[in-house]
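Let me begin by presenting the structure, written as structure tokens, before commenting on it.
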Amino acid sequence: MSFDSEGLLMDEPKIQIQNLNVWYGSHHALKDVTTDIYSRGITVIIGPSGCGKSTLLKSLNRLLEETERVRITGRVTLDGCDIYDQAVDVTEVRTRIGLLAPKPFPLPMSIFDNVAYGPRIHRHIHRHTIDGVVERYLHEAGLWDEVRDRIRSPASRLSTGQQQRLCLARALAAEPEIHLCDEPTSALDPISAQRIEQQLTHLKRRMTVVIVTHMLRQARRLADYVLFLWMGELVESGPAAQIFKEPRDERTKAYLAGDIG
Numbered sequence: 128m129s130f131d132s133e134g135l136l137m138d139e140p141k142i143q144i145q146n147l148n149v150w151y152g153s154h155h156a157l158k159d160v161t162t163d164i165y166s167r168g169i170t171v172i173i174g175p176s177g178c179g180k181s182t183l184l185k186s187l188n189r190l191l192e193e194t195e196r197v198r199i200t201g202r203v204t205l206d207g208c209d210i211y212d213q214a215v216d217v218t219e220v221r222t223r224i225g226l227l228a229p230k231p232f233p234l235p236m237s238i239f240d241n242v243a244y245g246p247r248i249h250r251h252i253h254r255h256t257i258d259g260v261v262e263r264y265l266h267e268a269g270l271w272d273e274v275r276d277r278i279r280s281p282a283s284r285l286s287t288g289q290q291q292r293l294c295l296a297r298a299l300a301a302e303p304e305i306h307l308c309d310e311p312t313s314a315l316d317p318i319s320a321q322r323i324e325q326q327l328t329h330l331k332r333r334m335t336v337v338i339v340t341h342m343l344r345q346a347r348r349l350a351d352y353v354l355f356l357w358m359g360e361l362v363e364s365g366p367a368a369q370i371f372k373e374p375r376d377e378r379t380k381a382y383l384a385g386d387i388g
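This is how it looks when you write it as structure tokens:
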């Protein structure tokens, strides 16, 4: 049982990771990682550069399979089903588990069509209702008021911060159950980064959010639950309040104090 940063009970584990190992060629990037990710709230993965944070994140929706010479062992279960089972549809996994990359990559089309793309492909939304769907998710990404008068203009004309929120809207429009964020504000100015953080905090009440960040201040602001990685190993995990105030492992204490990493 675990609680979020507002003292509300977090649900049962949505994802369970058991003895997960990842190799890139001969490099052992993740070593016997075992942990749970809860079905509500924000889980933040922290640790120094090269410790395996992004590798762990991308293992959760099978994006690692796009990398050459990668080898994966162990289990990652989503609602009790092993996503690496040969019978599992990879497309379905990636629809249920969305990803926001460090840098925005809007599709080469209009703002409207970027958001409408997922519903049209995955949800077969009728053309008479698509306008409302697009507006809803632009609202959820905190972008609607800024683009409502130019919704049919190219997405490439948006600022970097707006493009990142557009990518968030596009991901949400596919209605994932889990939203993965890999350094989602690293390319943004402080105001744009704050807006992304606000939207993620809002989303955690209805979906699972997992964030990789190299910024401890951001982790402290957002995390309900924390995973600390060091050299490919999961050193410590637990509620954010416990990890940040009373870490058990000496490496966690040293990292949070800025003495290592």
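To convert, count from 1 in the sequence shown and add 127; that's our numbering.
Just so it is clear, CB atoms sit at the ideal spot from N, CA and C, and this is done for glycine as well.
Bear in mind the structure is a predicted one, so any value in this text is a computation, not a measurement.
(request) Starting from the N-terminal side, write out each stretch of the alpha helix (DSSP H) that is 4 residues or longer and does not extend beyond the region 279-306. (result) 287-300
(message) Tell me the DSSP secondary structure of Ile169 in three-state form.
(response) Taking the first residue of the sequence shown as 1, we reach residue 169 at position 42. Three-state result, Ile169: strand.
(message) Less than 6 Å between C-beta atoms, sequence neighbours within five positions excluded: which residues of the same chain meet that for Ile305?
(response) For the purposes of this step, residue 305 is taken as the residue at position 178 of the sequence shown. Ile224 and Thr335.
(request) State whether the region 373-387 contacts the region 195-214, with contact taken as three or more CB pairs (one from each stretch) at a distance under 8 Å. (result) no
(message) Just to confirm my understanding: we take Val220, look at its own chain, exclude 5 residues before and 5 after, and list those with CB closer than 8 Å. What are they?
(response) The count along the sequence shown starts at 1 and reaches residue 220 at position 93. For Val220, where only same-chain residues beyond five positions count, the Cβ hits under 8 Å are Asn188, Arg189, Leu205 and Ile210.
(message) Taking the alpha-carbon of Val339 as reference, which of Glu267, Glu139, Val160 and Pro229 has the nearest alpha-carbon?
(response) Counting from 1 along the sequence shown, the entry for residue 339 is found at position 212. Comparing Cα-Cα distances from Val339 to each of Glu267, Glu139, Val160 and Pro229, the minimum goes to Pro229.
(request) Starting from the Cα of Arg254, find the closest Cα among Ala243, Glu302 and Tyr264 and give me that residue. (result) Working through the sequence shown from its first residue, we reach residue 254 at position 127. It is Ala243 whose Cα lies nearest to the Cα of Arg254.
(request) Please determine, among Phe355, Glu360 and Gly359, the residue with the shortest C-alpha to C-alpha distance to Ala367. (result) Counted from its first residue, the sequence shown places residue 367 at position 240. For the residues Phe355, Glu360 and Gly359, the minimum Cα distance to Ala367 belongs to Phe355.
(request) To the nearest angstrom, report how far apart Ala320 and Met342 are at their CA atoms. (result) Here the question's residue 320 lines up with position 193 in the sequence shown. Here the question's residue 342 lines up with position 215 in the sequence shown. C-alpha separation (whole angstroms): 12 Å.
(request) Spatial neighbours of Leu285 within its chain, please: CB distance less than 8 Å, with the 5 preceding and 5 following residues excluded, ordered by chain position. (result) Working through the sequence shown from its first residue, we reach residue 285 at position 158. Correct list, in chain order: Pro233, Ile238, Val274 and Leu293.
(request) Starting from Tyr151, follow its DSSP beta bridges and name the residues at the other end. (result) In the sequence shown, the residue the question calls residue 151 occupies position 24. Tyr151 is bridged to His154 and Val197.
(request) Consult DSSP for Asn188 and reduce its assignment to one of helix, strand or coil. (result) Stepping through the sequence shown from its first residue, residue 188 is reached at position 61. Three-state result, Asn188: coil.
(message) Tell me the DSSP secondary structure of Thr340 in three-state form.
(response) For this step, residue 340 is matched to residue 213 along the sequence shown. DSSP places Thr340 in coil when its eight states are reduced to three.
(message) On the criterion of 16 or more Cβ atoms from any shown chain inside 10 Å, does Cys308 qualify as buried, or is it exposed?
(response) Looking up residue 308 in the sequence shown gives position 181. Burial call: buried.
(request) Kindly indicate which three-state DSSP category Val215 falls into: helix, strand or coil? (result) To locate residue 215, count along the sequence shown from 1; it is residue 88. DSSP places Val215 in coil when its eight states are reduced to three.
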